[in-house]
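Residue numbers (this note's numbering), protein chains in the order written: chain A, 27 to 303; chain B, 15 to 404.
Report on one structure; see the data block that follows.
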Amino acid sequence: MTNQFQNNSRINIANVERAASVIGGSLLVYSALRHWRWLTIATAVTGAALIRRGVTGHCEAYGALGFSTRKSGDNVSVPYRHGIRVHSSITVNKPRFEVYSFWRALENLPSFMQHLEKVRETGKFVSHWEARTSLGQTVAWDAEMITDDPGQLIAWRSLPGADVDNAGSVRFADVSGHGASGNGGSGNRGTEVHVELSYVPPGGVIGAWLIKALGQNPKEQIQQDLRHFKMMIETGEVPQTQRETRKAAEETKQAQEVALQDASEASFPASDAPAYI
Amino acid sequence: MKAVIWNSTKNVSVADVPEPTILNQRDAIVKITTTAICGSDLHIYAGDVPSMEAGDILGHEFMGEVVEIGKDVKNLKKGDRVVVPFVIACGACFYCQHQLFSLCDNSNPNAAMLEKLYGQSSAGLFGYSHLYGGYAGGQAQYARVPFADVGPICIADDSLSDEKVLFLSDILPTAWQAAENCGIERGDTVAIWGCGPVGQLTISCAFMLGAEHVIAIDRNPRRLEMARKSNAETLDAGDPELQQKLRDLTAGRGPDRCIDAVGMQPRAAIIDALYDRAKQALMLESDHPDALSQAIHACRKGGTVSIPGEYSGSVDRFPLGAAFAKGLTLRLGQTNVQRYVRPLLEKIERGEIDPSFVITHRLKLDDAVEGYANLASENGECIKITLKPW
Ligand SMILES: NC(=O)c1ccc[n+]([C@@H]2O[C@H](COP(=O)([O-])OP(=O)(O)OC[C@H]3O[C@@H](n4cnc5c(N)ncnc54)[C@H](O)[C@@H]3O)[C@@H](O)[C@H]2O)c1
Ligand SMILES: [Zn+2]
Ligand SMILES: [Zn+2]
């Protein structure tokens, strides 16, 4: 689900900086999109944040959470109906507590969220997040955990001053119909992981338009991160491939073109086109 | 190192490419001693497999010596002689734990692409397009093997030649699964369309699983001759009386189990078949030009049609009505290689089967281009080609 953001904020950034933010942010988003395979939530969010600063001329955190028990508008990070919201889910073939624990150890998050550089717990419920963009810039924010229900639910939101205002939750459940084992959730068909994420689409209407125009799909990004989460827990790694044969392909192509040219020159004036298909 | 790379449709070459390196801790690097060209590679060659990119290394049937391992690979050591399954599987997901290795959740880095196409993704495969992960293949001097603690099987007995065990990588398990999927009962008649290497080995596996009669069907006389050596009766696929002959051989019932070991047809063959159809329509013959349609038409009521032959897209004129009316069971899919390698190795060790009989040509990797061309040509004399990279 994507809702466009209505913005009526005050301008508190100089024009030059605003322009720079828009250009830089657009570059970020654009570059992330060109390398879509590596694009994750964090990149998009980051590029987007810069655009927002520029377009809105305003940089300030929104408080509180759409899905929390608190009322909307009352100190929410991403006010209800005011952010891009995505949800996604995956099934992990491990007991519920193990899956929960892997996510709860926040320093594990960068192992499956590709653009997250580092997450560090700085207090009982407070953590510091750093992400690196495709252009090599680092962005950071602090987040607080607002719900930690072991084996069931983790929810967090960014704190005021974040480069990107965001909030999210992860819910863990035994695969339905099985494994309601009563002993702390060791469902024998594994664990369902349901993620909700919201962030303020940078640049409001324009930012949201830009994201769409460039074909970015926040849902696909979170889905890919979740796939990697599952791979990390189930196998300990994310599969990789290496591809260094383009050079060989290029050389072969050139050699074949030269050979073809030689052959057709040699057989001149025969006019038959080479039969390839 | 040397490797066979795909450039474009019907254009492969042997190129000098960088050697693979360990990327994950469950990887191994294998120095390849023997590799082969599979009928599936011909689908790529013909341009029927989407998401190939110029420079992709081909090949998924290979074996060799472990020369490097990641630190999490505990069951292998340098110097081990291994055969590598063409399916890459993690061993830990729901599907792997249910022995459905070809459906592995975790081995395909491009899962998102395959998910878009088919709803869900399946396992990564060596040298078999980017939809299946974009892994470099085994028609090369070295290959990187991910999840090396799950796939490769050690061949401890040095007296077993490469040729005897190589096909544990693909076509022997494929033939076994094809026959097993039939649910053969003692006394059954099994009809097999396609006498390529897969069909040939399926004949042997069907007998091992209790078939009484095996009928092998192909157009290529050389291949039919090989099938007869395995005690199959043979029929010509182009015979307009084929369906009648199958009924005659089974006193009207039809074969109990039918196997499509042909798979999707190269474009040229489809055009031939359309032409056949037009001819047949004029002669008021029923039109069952391709192997799968023929198999469904021939199969006895309540029988099983097993499909090891590969399909990647939609099929026109699929005779669903016949399958429905006769209450057939269809079984299909990529082979769960890891499930069969051990029991099949034991059968090879006991001398119950020697799959090397399908090999007709032994080439150097350098001659792979010729090998592909010959194998792909309608009346080429090759049935199975092995390649030596060193
Ligand atoms: N399921 C798997 O995991 C798996 C593994 C290996 C191979 N395969 C597939 O199995 C199939 C066979 O492999 P192969 O190596 O034996 O290939 P192959 O190309 O050597 O053999 C195919 C044979 O089918 C014959 N044929 C073509 N049209 C026919 C028809 N209408 N009736 C009867 N025969 C016909 C051809 O003459 C040829 O002999 C291929 O589709 C391949 O992709 C699947
Ligand atoms: Zn194959
Ligand atoms: Zn798996």
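We put the CB at the ideal spot given by N, CA and C, even for glycine.
Check, Outcome
"Contact list for the region 127–155 of chain B against chain A, Cβ threshold 8 Å", "Gly138, Gly147, Gly148, Tyr149 and Ala150"
"DSSP state of Pro34/B mapped onto helix, strand, coil", "coil"
"At least 3 beta-carbon pairs within less than 8 Å: the region 339–353 of chain B vs the region 361–370 of chain B", "no"
"Cys209/B beta carbon near ligand 1 (any heavy atom closer than 7 Å)", "yes"
"Extent of the continuous beta strand (DSSP E) run through Phe76/B", "Glu75 to Ile83"
"Ala205/B vs Leu260/B beta-carbon contact at 8 Å", "yes"
"Cα-Cα separation, Ala275/B to Leu117/B", "20 Å"
"beta-carbon His113/A near ligand 2 non-hydrogen atom, thresh 7 Å", "no"
"Coil, strand or helix - Glu170/A by DSSP", "strand"
"Residues bridged to Ile51/B (per DSSP)", "Ile399/B"
"For Asn388/B, the first and last residue of its enclosing alpha helix (DSSP H)", "Ala382 to Ala390"
"Nearest candidate by alpha-carbon position, reference Asp189/A, set Ser224/A, Ala166/A and Leu252/A", "Ala166/A"
"Same chain, Cβ closer than 6 Å to Leu306/B, neighbours up to 5 away in sequence not counted", "Asp274"
"Proximal residues to His220/A (C-beta, below 6 Å), its chain only, five neighbours per side dropped", "Ser115 and Arg197"
"Proximal residues to Gly394/B (C-beta, below 6 Å), its chain only, five neighbours per side dropped", "Asn388"
"Contact test: Asn234/B Cβ vs ligand 1 heavy atom, cutoff 7 Å", "yes"
"Length at least 3, wholly inside the region 178–213 of chain B: the beta strand (DSSP E) runs in chain order", "203–207"
"Proximity test, Cβ basis, 8 Å: Phe108/B and chain A", "yes"
"Rounded C-alpha distance that separates Thr173/A from Lys144/A", "21 Å"
"Phe128/A to Ala230/B span [Cα, whole Å]", "54 Å"
"Burial state of Val284/A, where buried means 16 or more other Cβ atoms lie within 10 Å", "exposed"
"As assigned by DSSP and simplified to three states, the class of Ser300/B", "Low local confidence applies: a pLDDT of 36 at Ser300/B is under 50, so the model's placement there is unreliable, and no value is given."
"Interface residues of chain A facing Ser121/B [CB-CB closer than 7 Å]", "Pro265"
"First through last residue of the beta strand (DSSP E) which encompasses Tyr156/B", "Tyr156 to Val159"
"With 16 other Cβ atoms within 10 Å as the buried cut-off, status of Ala68/A", "Confidence is the limiting factor: at Ala68/A the pLDDT is only 49, short of 50, which leaves the residue's position unreliable and the question unanswerable from this model."
"Straight-line gap, Gly138/A to Val18/B (C-alpha atoms, nearest Å)", "Sequence inspection shows Phe at residue 138/A; the Gly mentioned does not correspond to that position. The alpha-carbon atoms of Phe138/A and Val18/B are separated by roughly 34 Å."
"Nearest-angstrom Cα separation, counted from Asp184/B out to Arg364/B", "20 Å"
"Local Cβ density within 10 Å of Asp55/B, reported as buried at 16 or more and exposed below that", "buried"
"6 Å CB neighbourhood of His227/B in its chain, flanking five on each side removed", "Thr203"
"As assigned by DSSP and simplified to three states, the class of Gly194/A", "strand"
"Partners in chain B for Ala275/A, counting only beta-carbon separations shorter than 7 Å", "Ile19, Asn21, Ala68 and Gly69"
"Given His311/B as reference, the closest of Asp270/B, Ser22/B, Cys396/B and Arg356/B once Cα atoms are compared", "Asp270/B"
"Near ligand 1: Leu72/B beta-carbon under 7 Å from a heavy atom", "no"
"Under 8 Å between C-beta atoms of Gly53/B and Pro187/B", "no"
"Near-chain A residues of the region 27–50 of chain B - C-beta to any C-beta below 8 Å", "Ser27, Ala29, Asp30, Val31, Pro32, Pro34, Thr35, Leu37, Asn38, Gln39 and Arg40"
"Same chain, Cβ closer than 8 Å to His74/B, neighbours up to 5 away in sequence not counted", "Cys52, Ser54, Asp55, Phe100, Leu139, Phe140, Gly141, Tyr142, Gly151, Gly152, Ser183 and Asp184"
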